[in-house]
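Okay, structure first, notes after.
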Amino acid sequence: MADPEIKSYEPHHESQSAAVTESRPVRLLLMAVAFAFLAIFLLLPLIIVFHEALAKGLSAYTEALSNPDTRSAIRLTLLVAAIAVPLNVVFGISAAWAIAKFEFKGKAFLTTLIDLPFSVSPVISGLVYVLLFGAQGLLGGWLKEHGIQILFAVPGIVLATVFVTFPFVARELIPLMQEQGNGDEEAALSLGANGWQTFWYVTLPNVKWGLLYGVLLCNARSMGEFGAVSVVSGHIRGLTNTMPLHVEILYNEYNAVGAFAVASLLAGLALVTLVLKTLLEMRYGAEIAATRGH
Amino acid sequence: MEVRVANVRKEFDRFPALHDVSLDIKSGELIALLGPSGSGKTTLLRLIAGLERPTRGKIFFGDEDASQRSIQERNVGFVFQHYALFRHMTVADNIGFGLKVRHGPSRPPAAEIRRRASELLDLVQLSGLERRYPAQLSGGQRQRVALARAMAIEPKVLLLDEPFGALDAQVRRELRRWLREIHDRTGHTTVFVTHDQEEALELADRVVVMSQGRIEQVGSADEIYDTPNSPFVYSFIGESSTLPVKVEDGQVWIADRPIGLSAPHAPSGEAMLYFRPHDVELLDGCSGCIAGTVAASRRVAGTRRVELEIGGERQRVEIELPVDHPAAQKSRVAFRPRRWKLFPTA
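These protein sequence lines are chains A and B, in that order. To convert, note that position 135 of the first sequence is 135 in UniProt numbering; the numbers rise steadily by one, no gaps. To convert, note that position 212 of the second sequence is 212 in UniProt numbering; the numbers rise steadily by one, no gaps.
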């Protein structure tokens, strides 16, 4: 009599074997926890940002964004990113090249040093610049004599941003270049290419997706950096306020629409970055070596 | 182009990889650097290419001292073990790369580069694959493209580092014959590195046997196999059996018995007797021969290998017997090597 019932026990073909699959309720519970966590801590704040920004209508939103101080904050943020990102592309490629392709003393030390900005609190990084370039700082006297303003001005903000975002490009490229080794470069040299041609035609194309990935993360961080920039900026309205700093000022002035309108731009940047990052990972995952937590 | 390596020494972090190596390579010759890993054969090849600089000594291309020249100036074609094809370029772009990066009037126009690439693809029997990417080719095809790319710059010397090392046995044999054909047709002076003695002996005009950073012997396949000049070459090339012996009055002795081999020029004293297991004469009686008891026997393809225990000291030695030889366990077999060599042990 058991025959008809036995049929319902046919194994269903899934990628995982039965032994490592949890029972259905447990799976559902785990997924529910993960989604609930994401919703409360990530999605909800994002919605609130846009909700608050548009709370008094679209015209209030656009008006808040056309405020001269806000405009100047946006301009400054774009300027800082436009300087910091290319600098870190150059530094990052040089550092990665040195570490991946040569053997030299102090290599391990250099590798550790590159990670320093990740392990130091951004506020400390900012303070270092104050101690260096401030009026009472190490170089303060000399700078003042020559009329060079670094602290509480754009150069200081750029320096702090470069410092904080330095590891992104380098850390992306080092494992990639190490994995690829010197073979392609040696081949190019043996075919008569000079150093520059080898870099341009061979090395760079080999790492371009990893590089783009690093640039994306570097850009997102340089536009969103708060701590280090806050210390060196001096918070001068319309002059040295970047977007994150401007959000804080507006918020402290109870200008919710203004604060959230600027915040919504930063959130939009984050979303675009996230989408591009996901696309890159999907398309060129194998060529982007580092999936280590950024 | 003749290549002369003169007293070259190479150290890596003070650790010597090559000791005082000298080698003359004739123009148009196909020469193999053969040795176990760590013997310095790849280092020697990279020194000739200019990928490494010698610690001491010089390398001449013709009469010109090339040691101070950069790899670009040396104009060598180098084929890497793992191909090192540029993965983001098509086959045609890979082959044309060496021409594209030239400067000034020596750089051919784009159409000419394309034409040359197609010509070379014909030569390596891959016509029509111009627009493929390296990832779309098999291992053997990639190696052919790598060779075509190296030949595109009209190199003075062609250098190949374990060219067939990453391929399976079938493709290897095919490519080996094919490389010989290409060499005979183009006449490039060619040096290749291998750890596969069959490959070296079959393919090369001359074989350079290397061990521990030194050249052990240079010669044709016949010379290397038939008259090895050191215990290393004897045991590294082909199969060999060894027996400790004593030389007295121009006769070879094992324990207290002469074994019927005379060595009038060998110095008296302890020595090691080397011979090929298959190159022995089987004897019935034994006055002046090597006799032993069969300790182990195994069938290897068309022959039978037996291990004999010789004399009171139970030295073991391997020889080859015809399959129908009645040598069973514990039976006695007597033989004398036909071709052999003595190397003093003291």
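Think of the CB as a built atom: it goes at the ideal place given N, C-alpha and C, for glycine as much as any other residue. Since we're looking at a predicted model, the values are computed, not measured.
- No Cβ-Cβ contact shorter than 7 Å links V80 of chain A with I174 of chain A.
- Two segments are said to touch when three or more pairs of C-beta atoms, one from each, lie closer than 8 Å; by this definition the region 136-145 of chain A does not touch the region 181-201 of chain A.
- In this structure, L147 of chain B places its C-beta atom within 7 Å of the C-beta atom of V79 of chain B.
- Counting C-beta pairs with one atom in each stretch, the region 271-280 of chain B and the region 327-341 of chain B have three or more that are closer than 8 Å, which means they touch.
- Against chain B, the beta carbon of L189 of chain A has neighbours under 7 Å at I71 and Q72, listed in chain order.
- For the region 133-210 of chain B, the full-length beta strand (DSSP E) segments reaching 3 residues or more read 157-161 and 189-194 along the chain.
- When Cβ-Cβ separations below 7 Å define contact, E172 of chain A makes no contact with chain B.
- Fewer than three pairs of CB atoms, one per stretch, sit closer than 8 Å, so the region 12-30 of chain B makes no contact with the region 254-261 of chain A.
- Within the region 155-181 of chain A, not one residue has a Cβ closer than 8 Å to any Cβ of chain B.
- Along the region 83-107 of chain A, there is no position whose C-beta sits under 8 Å from a C-beta of chain B.
- Rounded to the nearest whole angstrom, the C-alpha separation of I40 of chain A and L46 of chain A is 10 Å.
- As a beta-bridge residue in DSSP terms, R4 of chain B pairs with B:D24 and B:F60.
- S331 of chain B and V323 of chain B have their C-alpha atoms roughly 15 Å apart.
- Classified as exposed, T62 of chain A has fewer than 16 neighbouring CB atoms from the shown chains inside 10 Å of its CB.
- For L47 of chain B, the uninterrupted alpha helix (DSSP H) segment begins and ends at K41 to A49.
- Rounded to the nearest whole angstrom, the CA to CA distance from M210 of chain B to E199 of chain B is 15 Å.
- Interface criterion met: the Cβ of G183 of chain A is under 7 Å from a Cβ in chain B.
- Chain B places no beta carbon closer than 7 Å to that of P117 of chain A, leaving this residue out of the contacts.
- The Cβ atoms of R221 of chain A and T278 of chain A do not sit closer than 7 Å to each other.
- Close to V275 of chain A, with beta-carbon spacing below 7 Å, lies no residue of chain B; the smallest spacing is near 25 Å.
- For H88 of chain B, the nearest CB of chain A lies under 7 Å from its own CB, placing it at the interface with that chain.
- Look at G140 of chain A: its C-beta is not under 7 Å from any C-beta on chain B.
- For L151 of chain A, the secondary structure class from DSSP, reduced to helix, strand or coil, is coil.
- In terms of Cβ geometry, G147 of chain A and Q72 of chain B do not form a close pair [threshold 7 Å].
- Exposure of S94 of chain A is indicated by the presence of fewer than 16 other C-beta atoms within 10 angstroms of its C-beta.
- Contiguous beta strand (DSSP E) elements confined to the region 220-295 of chain B occur at 241-248, 251-254, 257-262, 269-275 and 280-283, taking only those with 3 or more residues.
- Identification of chain B residues near G192 of chain A by a Cβ-Cβ cut-off of 8 Å yields Q72, N75, G98, V101, R102 and I153, ordered along the chain.
- For Q212 of chain B, the secondary structure class from DSSP, reduced to helix, strand or coil, is coil.
- Going by C-alpha positions, V294 of chain B is about 55 Å away from A135 of chain B.
- In the DSSP assignment, V306 of chain B falls within the beta strand (DSSP E) that extends over T303 to I310.
- In chain order, F86 make up the part of chain B whose C-beta sits under 7 Å from the C-beta of V202 of chain A.
- Not flagged as an interface residue toward chain A: F15 of chain B, since no C-beta distance is shorter than 7 Å.
- Residues of chain A whose Cβ lies closer than 9 Å to the Cβ of L273 of chain B do not exist; the shortest such Cβ separation is about 46 Å.
- Straight-line measurement puts the Cα of G213 of chain B at about 18 Å from the Cα of G219 of chain B.
- The beta carbon of L51 of chain B falls within 7 Å of a beta carbon belonging to chain A, placing the residue at that interface.
- The residue among B:R115, B:L45 and B:Q197 with its C-alpha nearest the C-alpha of Y225 of chain B is B:Q197.
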